[in-house]
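Some notes on the structure that comes next.
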Amino acid sequence: MSAELFTEQLEDRVSVLLPLRLEQTFDYLVPEGRCLVPGDFVTVPLGKRVVTGVVWDGEDAAPAASFDDSKLKAVIERVDVPPLPQVHREFLEWVAAYTLTPLGMVLKMTVGRGLAAGPPRPLVGYVLGGSPPARMTRARERVFELLAQGPPRTAKDIARAAAVGPGVVKGLADAGALAPVELRSIVQDNAPDWARPGPDLSDAQSAAAGRLRDKAAAGKFSATVLDGVTGSGKTEVYFDAIARVLDEGHQVLVLLPEIGLTAQWLDRFERRFGTVPELWHSDLSQGQRKRAWRRTAEGRARVVVGARSALFLPFPDLGLIVVDEEHDPSFKQEDGPIYHARDMAVVRASLGDMPVVLVSATPSLETVANVSAGRYDCLHLPDRFGKAELPKVVAIDMRSDPPERGRWLSPPLVDAIQATVSDGEQVMLFLNRRGYAPLTLCRACGHRLQCPNCTAWLVEHRQGGRVQCHHCGFNVALPSSCPACTADGKMVACGPGVERLAEEVAERFPTLRVALMSSDNMAGPDAVADLVGRFERHEVDLLIGTQIMAKGHHFPLLTLVGVVDADLGLAGGDLRAIERTYQLLFQVSGRAGRADRPGKVMLQTYLPDHPVMAALLSSDRDGLIARETEARRSAGMPPFGRLAALIVSGRDPDLVRDAAYALAQGAPQGKELQVLGPAPAPLAMLRGRHRWRLLLKAERTVNVPETVRRWLRAVPLPNQVRVRADIDPYSFL
Ligand code: ADP
Ligand code: ZN
């Protein structure tokens, strides 16, 4: 670089994108003697604040009104982390354009979660200390065995690996039986060992693994579906591809549904690669977040496993993305930027020229359609690994075998529970309803307890004796007299939640060791891991749970799964009700009989002839998929057509309605598209805001984001009304 050019650059200004609700970048002066390149993380003054942003060069980011230089402020400093790679910047621009989200808000998903000012504090780990504890318990012994053999670990890691509560580790540390050491260097150097041999693969597994390894080595974009029944060894197969990509020197991202981020998955990873991967999920502490972010940005985290937001971490050298349980609805983010992490993972892989693997026992119709159209490749694992067989599924017709009044378990299921535990095996009862009862009403006047802020019933939670709104969190003590007619003692619970089911189980089987797993009593992954451990060690006979326990777990002694209300997801008739109900029930069923003891699944249903039940009973997944595919195709619904929803909301019901009608007036026209609505949303009020919806339905050839962008631009709306665009909606509430 010539001296002249260099001087010119020193006087230059840069565009900086800030993680705020803004489309455009701001110009800043480069401090004297500095050289900044696109992608650099910088701190800049904004009003009285200091904000961390990224030097931007994208064409989409139009500079704000240009000031003369004398008014420009200067960049404060460059943050000491590697610049955001160009492919990541392109990805953020792509996501912003597709989801109609201000670019700054998309950047926030990359910057906001881990790059707080200042470097993270060092990590503390523990080794065996000088004085053994006075009292030795079985749990303490497990901690000692673990640390006697292995390297120092964090308290959290010890609790997980030794299957003890956090209190056990803290107790030992306080008593001086464990000594703290600085972990930083050890963790840094502990890269996964991809050369370690994996298990011997079956023929089907090694065929699939071979194909994946080839794709991993090719170093170009490919999308592959790994389609295999629960327990077929999909995880072992994609571990092979991970090993290959690590050998090439690249980083790997594994996306799991939040609740699938289990200790069991981490244990398996550690067994295979000799160390745990970098974890990224919403339950991390600020310190853990900062460390994980930096280690990823610096390329030191070789494998990151995370929930959907991990997709936005600044990988300098990503070489493979795996989306496990790709069909899972939790990959769709509904707050803030509305995006589907599976779809965006495919985009990220394509921009970065790398393979993406979509893993599922029940692939989504979108993914199946992409395979049929030849856009994605598909690898099959048709059987469970080893001796395990898929469980036998039976339906209990609740019309002919009803439970007694006020009870929820039918006689055949009660008998089966009894027989299973008598054989020394375990039972899981699945009911996807939190709390004690979904509805409370007054027997005198019929009044129902409803949320004052939302179109929703209040759900009773016995623990604490309160009723609660599951949408906004509003809660009050369960009233003893009716708020409407003041009749005393007439409030009754209607229908079952998991707490009520637990009550029935306790009454029927007083000697069983029963545990409840729902998001209300499981504060984060550690609590889940703790209970999973207890169930694995057979300290619990019967586990009652919501969908939080439906995924991923492997319990060798679990042989009976009872689905208390198999029809629950079918009500409402949402576009994907059939597909989702099938996926969820298949997933739950897949917990049974995973080892050498055969499993059984009992579905309590009032609709035993429903296509979903029929498919589950006869293991005819492909028949159901074909049927649903045809229904969607003939209706022009996704994946054969495109949808976008507009959700209009505000505090003033008249303004919201008027705005919804104004949008309908200004709706795009054309024979390849159609606008449905406006109509009040099913969830007509949410957190005190009134809501209306419009739905754009278009042929596949239509550029839906662009159409919606033009539509919104053409219809001016009052400030008090907010419109959110949801491209490819999954929720229609
Ligand atoms: P999936 O992810 O398809 O549900 P998993 O990968 O969890 O299946 O495998 C189910 C069980 O079978 C796990 O306990 C796993 O360790 C075991 N397993 C799968 N493949 C093999 C193999 N080739 N050798 C030994 N164990 C295996
Ligand atoms: Zn509410």
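When we follow our numbering, the leftmost residue of the sequence shown carries the number 552, and every step to the right adds one. For every residue, glycine included, the Cβ atom is placed at its ideal position computed from N, Cα and C.
query, result
"Going by the DSSP bridge assignment, what does ASN1026 pair with across the sheet?", "GLN1019"
"Beta-carbon within less than 8 Å of SER1075's beta-carbon, same chain only, minus the 5 sequence neighbours each way: which residues are those?", "Looking at the sequence shown, residue 1075 is not Ser but Gly. Answer for GLY1075: ASP834, listed in chain order."
"For GLN756, is the beta carbon positioned less than 8 Å from some heavy atom of the ligand ADP?", "yes"
"Please report how far the alpha carbon of PRO634 lies from the alpha carbon of ALA896, in whole angstroms.", "21 Å"
"Using the rule of at least 16 other Cβ atoms within 10 Å of the residue's Cβ for burial, across every protein chain shown, is GLU876 buried or exposed?", "buried"
"Measuring only the C-alpha atoms, how far is GLU583 from VAL593?", "15 Å"
"At the level of alpha carbons, what is the spacing between PRO849 and LEU1154?", "Per the sequence shown, residue 849 should be read as Glu rather than Pro. Their backbone Cα atoms lie some 49 Å apart in a straight line."
"Exposed or buried, VAL1274, counting other C-beta atoms within 10 Å across all chains shown (16 or more means buried)?", "buried"
"Assuming contact is defined by CB atoms lying nearer than 9 Å, are THR603 and HIS639 in contact in what I supplied?", "no"
"Starting from SER923, trace the beta strand (DSSP E) in both directions and tell me its first and last residue.", "Unbroken run through SER923 is the alpha helix (DSSP H), 916-923; no beta strand (DSSP E)."
"Bridge partners for SER1200 per DSSP, in chain order?", "ARG1242 and ARG1273"
"Using only alpha-carbon positions, find the residue among LEU1119, HIS1161 and GLN1098 that is nearest to GLN1138.", "GLN1098"
"Count the other CB atoms, across all protein chains shown, that sit within 10 Å of the CB of ASP1160; report buried if there are 16 or more and exposed otherwise.", "exposed"
"Nearest to SER973 by alpha carbon, out of SER1032, ARG958, ARG1064 and LEU932?", "ARG1064"
"Suppose you measure from the CA of LEU1135 to the CA of THR781; what does that come to, to the nearest Å?", "12 Å"
"Give me the residue from TYR1212, TRP1262 and PRO1190 with the minimum Cα distance to GLN1296.", "Outside the shown range of the chain, which is 552 to 1284, sits residue 1296, and nothing can be said about it."
"With DSSP as the reference, label ARG1264 as helix, strand or coil.", "helix"
"How many whole angstroms separate the CB atoms of GLY1285 and ASP744, which I take to be in contact at a CB cut-off of 8 Å?", "Residue 1285 lies beyond the range of the chain shown here (552 to 1284); nothing can be said about it."
"Taking any heavy atom of the ligand ZN as the mark, which residues have a C-beta closer than 5 Å to it, listed down the chain?", "CYS1002, ASN1004, CYS1005, CYS1020, HIS1022, CYS1023 and PHE1025"
"By alpha-carbon positions, which one of GLY975, ARG984, PRO1269 and SER1200 ends up nearest to ARG1240?", "SER1200"
"Going by C-alpha distance, which of VAL907, SER860, GLY870 and ASP904 is nearest TYR890?", "SER860"
"Decide if GLN700 is buried, meaning its Cβ has at least 16 other Cβ atoms within 10 Å, or exposed.", "exposed"
"Taking the straight line between their C-alpha atoms, what separation do you get for LYS766 and ALA726?", "52 Å"
"For VAL605 and TYR579, what's the separation of their Cα atoms in angstroms?", "11 Å"
"Quick test of your reading: VAL1152 and GLY1096, contact by CB under 8 Å. State the CB separation rounded to the nearest angstrom.", "Not confirmed; about 15 Å, so no contact."
"Which residue wins for smallest C-alpha separation from LEU658, given the options LEU674, PRO636, VAL678 and ASP1092?", "PRO636"
"Using the three-state DSSP reduction, which class does TYR677 fall into: helix, strand or coil?", "strand"
"Buried or exposed: where does ASP591 fall if 16 or more other Cβ atoms within 10 Å of its Cβ makes it buried?", "buried"
"So, LEU666 versus VAL720, is the Cβ gap smaller than 9 Å?", "no"
"Is there at least one non-hydrogen atom of the ligand ADP closer than 8 Å to the beta-carbon of PHE882?", "no"
"What span of residues does the beta strand (DSSP E) with THR1156 cover, start to end?", "1151-1156"
"Looking at the structure shown, is GLU733 part of a helix, part of a strand, or coil, going by DSSP?", "strand"
"Taking Cβ positions, are LEU1246 and GLY1228 nearer each other than 9 Å?", "yes"
"Taking DSSP as the reference, what is the three-state secondary structure of LEU902?", "helix"
"Could you tell me whether the region 1175-1182 touches the region 1124-1134, using the rule of 3 or more Cβ pairs below 8 Å?", "yes"
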